[in-house]
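So the sequences go chain by chain: A and B.
The numbers in my numbering rise by one with no breaks, and the one at position 102 of the first sequence is 102.
So the number in my numbering is just where the residue sits in the second sequence, counting from 1, plus 1000.
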Amino acid sequence: MLDINPGLMIWTIVSFLILLAVLKKAAWDPILKALDERENGIRENIETARQARDDADRSLEEYRRKLSEAQSEAQNIVAKARQDAERVGEELKTKYKVDAEALIDKAKKQIDLERRAAINQIRAEVAGLAISAAEKVVGKSLDSEDHRRLVMESLKESSN
Amino acid sequence: MTEHASSAVHTAAQGGHGEGVDIVHHLTDLDTLELLFWKIPLDSLRFELFGVDLSITKPVIFMWLAGLILLLSFTLAFRGGRLMRSKFAQLLEVYVIFVRDEIVYANIGEKDGRRLLPYFLTVFFFILTCNLLGLIPSGITATGNVNVTAGLAIVAFLVIQGMGIVKNGFFKHFKSMVPPGLPLMVIPIMIPVEIISMFTKPFALCIRLFANMVAGHAVILAFFGLVFMMHGVLRYIIGPLPLLGVIGISILEVFIAHLQAFIFTILTAIFTSMTMHPSH
């Protein structure tokens, strides 16, 4: 156990070195290579996944930004439309008011005109009747033009 | 050595030396392969070369067994390609990644560590397998023999010094033993101390591994011995209790087998890193 045995040392060294050479060729090199490859693969996958996630985050951020932009834009549009509508309504309201007033004025004037014409006609009619009645009473036909004028004047005075 | 062998053969011929467990004999016997009840003497494998006893003894056979197990495990388990790994291969992979990341890359760095990885992986798995083989019935722990751990420590010494020379150049490597800015008077003391420390590090590696493995087995054998110390009915009543101790220590030994493989490997890595980067 403790006695020095150079032969056993030599056997140990020789066996160990042969084992080292054989295992290096048969085991360590392929296994370590496979491990390296797998670890690199995993590292690449992680890198790719991280990149994909970053991309996704970025697009999400962009979409979110776009969405909020669209939302505020839509709000602006709606607000503007409402404003426009109110303005147009206001304009239309004033316009129709003016129009209606003008129409009423016009109608009033028309009515006035018609009334006046009717009154004049009635007057002429009444003058004619008065003359013919006077003719009957006087029994004599006066110069009709002169009479008519006289009657008209008197009527005008009386009506005033 | 020969006396051991002859006494072992002698006791075997006597039909065993009665009852009991001969702990020292069990730990030191190199020449009889025990397979459950069969004892296979290895005397026919004795030979010398240039005056060196190169007999193929029990530790040698178990080292080869460990190497064979490693070779088969790693080639068969990882055979199915990269995607269809067996559970055993996944377990081995955990060990490999642990040695790579926690022992080699953590101490030596990724660039230099990559080249040394095959050595450290082999050391770790070889020691681990040798340690664990001793826990199998009929198995022995090759690392429980100081010559085996000495061989491993010699290789570690060569790696530690060799990497320092490769990294820093021959002269700078030995010059770096004396830190710059040291008072001139200290240098005569410093140089021998550094030279001694160069050898004590692997020596400590050797003794630590050997002593730990021997101690564990001695404790297990001592517990077994307790069973045989009792006689008559007592053995059957109290006898099972030491067996619980054996089971407990065996579980502890599985842990120690890993721990010692880890310590040997990480210390070698740290020493290598120290010679490669001598500034601190």
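For every residue, glycine included, the Cβ atom is placed at its ideal position computed from N, Cα and C.
Small disclaimer: the values here were computed from a predicted structure and weren't measured.
- Annotation for residue 1240 (chain B): the continuous alpha helix (DSSP H) segment containing it runs 1240-1276.
- Residue 99 (chain A) carries a helical assignment under DSSP once its states are collapsed to helix, strand and coil.
- Only buried fits residue 1059 (chain B), as 16 or more other CB atoms lie within 10 angstroms of its CB.
- Within the DSSP secondary-structure output, residue 1123 (chain B) pairs in no beta bridge.
- For the pair residue 1251 (chain B) and residue 1242 (chain B), the Cα-to-Cα distance works out to about 14 Å.
- Under the Cβ distance rule, residue 46 (chain A) does not count among the residues neighbouring chain B, no pair being separated by less than 8 Å.
- Residue burial annotation: residue 68 (chain A) is exposed, with fewer than 16 other C-beta atoms found within 10 angstroms of its C-beta.
- Around the CB of residue 1202 (chain B), 16 or more other CB atoms lie within 10 Å, so the residue is classed as buried.
- For residue 1236 (chain B), the number of other beta carbons within 10 angstroms of its own is below 16, and it is reported as exposed.
- Contact between residue 1124 (chain B) and residue 23 (chain A) does not hold, since the beta-carbon distance rounds to 11 Å and is not under 8 Å.
- A direct Cα-Cα distance of roughly 6 Å separates residue 12 (chain A) from residue 1148 (chain B).
- For the region 1097-1121 of chain B, the residues whose beta carbon sits under 9 Å from a beta carbon of chain A are, in order, 1097, 1100, 1114, 1117, 1118, 1119 and 1121.
- Residues 1220, 1223 and 1224 of the same chain have their beta carbon placed closer than 7 Å to that of residue 1246 (chain B), with the five preceding and five following residues left out of the count.
- Annotation: residue 51 (chain A) to residue 1079 (chain B) spans about 35 Å, alpha carbon to alpha carbon.
- Under the Cβ criterion of 8 Å, residue 42 (chain A) is not counted among the residues facing chain B.
- Three or more beta-carbon pairs separated by less than 8 Å link the region 1087-1107 of chain B to the region 1115-1131 of chain B, which places the two stretches in contact.
- DSSP, read as helix, strand or coil, puts residue 1178 (chain B) in coil.
- Neighbours of residue 1052 (chain B) across chain A, judged by C-beta separation under 9 Å: 6, 7 and 10.
- Against residue 1075 (chain B), the close residues of chain A are 26 and 27, in the order they occur along the chain (beta-carbon pairs closer than 8 Å).
- The C-beta of residue 1273 (chain B) has 16 or more other C-beta atoms within 10 Å across all chains shown, which makes the residue buried.
- Against chain B, the CB of residue 59 (chain A) has no partner CB under 8 Å away; the residue lies outside that interface.
- The alpha-carbon of residue 1186 (chain B) is positioned some 23 Å away from that of residue 1170 (chain B).
- Taken in chain order, the complete alpha helix (DSSP H) segments of 4 residues or longer contained in the region 1109-1173 of chain B are 1110-1133 and 1146-1168.
- Annotated as proximal: residue 1209 (chain B) and residue 1264 (chain B), with beta-carbon spacing under 8 Å.
- Under the three-state reduction of DSSP output, residue 1059 (chain B) falls in the helix class.
- Linking residue 102 (chain A) to residue 114 (chain A) through their CA atoms gives a straight-line distance of about 18 Å.
- Contact annotation: the region 60-74 of chain A does not touch the region 1153-1167 of chain B, with fewer than three C-beta pairs closer than 8 Å.
- Residue contact check for residue 1141 (chain B) against chain A: no CB pair falls below 8 Å.
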